[in-house]
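Notes to accompany the following structure.
Written out as structure tokens, the structure is:
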């Protein structure tokens, strides 16, 4: 059976990290001992090279600001390494991969947020991924102000989180427009709900898709 790439997307503070781990545990329980490998990863930072790039991209104390074009290219470099050395090899072995951010984040953050040319971003994404797309993307839809308030409770905010409100509002608009254009590939998750309600929504969505893909679930 072919592997599946399930991506978790959305603005800062949406709860993706928590839900990825809970979803991973749920999948392992539902699919049982005969399940394929169920892996979690993230962008940036899913490889050794990516972890170094992540430190640069998110460091709020850099001596000089990162130009928007340089930021875009660093994200593309992280993605190219991630796809070639982690995602594709494991997908070819039949793994189910839960990934925190992928190509839609680049369009939302660097396209809508930074105002870079979206056609160029699509081309870079194509180069970096070799055409790999998510089988399903879960978009955590959350009011921008609420998401940023959540990030402030976690301690020091990273470079992306520290961007002004207008930037994050443009990013959110980008996700909204991407979801409206993507058909069934992107499923909206209401991130205003409680952790338990969000988990239940994710599990309902994944149960439907996993059955369509031919996986057998306990319930």
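Residue numbers (full-length UniProt numbering): 1 to 219.
Ideal Cβ positions, reconstructed from N, Cα and C, are used throughout, including at glycine.
What is the DSSP secondary structure of residue i, counted as helix, strand or coil?
i           : result
residue 210 : helix
residue 59  : coil
residue 218 : coil
residue 196 : helix
residue 234 : This structure cannot speak to residue 234, because the chain is shown only from 1 to 219.
residue 10  : strand
residue 220 : The question about residue 220 has no answer, for the chain in this structure spans 1 to 219.
residue 39  : strand
residue 5   : strand
residue 186 : strand
residue 136 : strand
residue 141 : strand
Measure the Cβ-Cβ separation of residue i and residue j and say whether it is below 9 angstroms.
i           : j           : result
residue 137 : residue 76  : no
residue 37  : residue 127 : no
residue 215 : residue 9   : no
residue 226 : residue 142 : In the structure displayed, the chain extends from 1 to 219; residue 226 sits before or after that span and is not available.
residue 124 : residue 106 : yes
residue 224 : residue 47  : Lying before the first or after the last residue shown, residue 224 is absent from the chain, which here runs from 1 to 219.
residue 190 : residue 208 : no
Roughly how far, in whole angstroms, is the beta-carbon of residue i from the beta-carbon of residue j, given that I think they are within contact range, below 8 angstroms?
i           : j           : result
residue 3   : residue 92  : 7 angstroms
residue 6   : residue 117 : About 29 angstroms; that fails the 8 angstroms criterion.
residue 53  : residue 74  : 6 angstroms
residue 62  : residue 217 : Between residue 217 and residue 62 the Cβ distance is about 46 angstroms, and since that is not below 8 angstroms, they are no contact.
residue 174 : residue 80  : Not confirmed; about 22 angstroms, so no contact.
residue 24  : residue 98  : 6 angstroms
In chain order, what residues of the same chain have a beta carbon less than 8 angstroms from the beta carbon of residue i, not counting five sequence neighbours either side?
i           : result
residue 168 : 11, 12, 113, 144, 147, 148
residue 68  : 110, 114, 115, 116
Who are the near neighbours of residue i in its chain, counting only those whose CB is closer than 6 angstroms to its CB and skipping five residues on each side?
i           : result
residue 187 : 138, 205
residue 129 : 83
residue 162 : 60
residue 170 : 112, 113
residue 150 : 13
Give me, in chain order, the residues of the same chain whose beta-carbon lies closer than 7 angstroms to that of residue i; leave out the 5 immediate sequence neighbours on both sides.
i           : result
residue 58  : 158, 159, 160
residue 203 : 26
residue 28  : 35, 38
- prompt: Can you find at least 3 beta carbon pairs, one from the region 33-43 and one from the region 5-24, that sit closer than 8 angstroms?
  reply: With the rule of 3 Cβ pairs closer than 8 angstroms, the region 33-43 counts as touching the region 5-24.
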